[in-house]
Amino acid sequence: MSPNETHRKRRKTTQKSNKDYEEDKIYKKRLETLRNEPDADDQFGQYVAMELKGFRSAYNKQRLKSEVRKIVARIVDEDDMYYYASSSSTPTPIPPPG
Numbered sequence: 001m002s003p004n005e006t007h008r009k010r011r012k013t014t015q016k017s018n019k020d021y022e023e024d025k026i027y028k029k030r031l032e033t034l035r036n037e038p039d040a041d042d043q044f045g046q047y048v049a050m051e052l053k054g055f056r057s058a059y060n061k062q063r064l065k066s067e068v069r070k071i072v073a074r075i076v077d078e079d080d081m082y083y084y085a086s087s088s089s090t091p092t093p094i095p096p097p098g
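Quick note on UniProt numbering: the sequence shown kicks off at 1 and runs consecutively.
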């Protein structure tokens, strides 16, 4: 292979690499945009935050935060128990406490 052919081949490879790099950047940017778009859970969290910010009473604000934490912890525990109590094919519902 002549030096000119080798140089052209390297240049073509470099051009392809640059094109691949640019395409990767575009795909990564699109993926980042999709990841950053708020879903229904994000929107609900924003709603709760908006309500908390609207409280005039610091006591009621703390009370609501405490209740939300308790409920989240309880439901997470129930979800874990349901997951671990179920067999691989047939889930066994766990009755709610109370």
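Backbone N, C-alpha and C define an ideal beta-carbon position, used for all residues, glycine too.
Asked	Found
Residues of its chain near asparagine 36, where Cβ-Cβ distance is below 7 Å and the 5 sequence neighbours each way are ignored	none
Glutamate 23, DSSP secondary structure in three states	helix
Simplified DSSP assignment, three categories, for glutamate 51	helix
Cβ contact (3+ pairs, closer than 8 Å) linking the segment 27–35 and the segment 43–53	no
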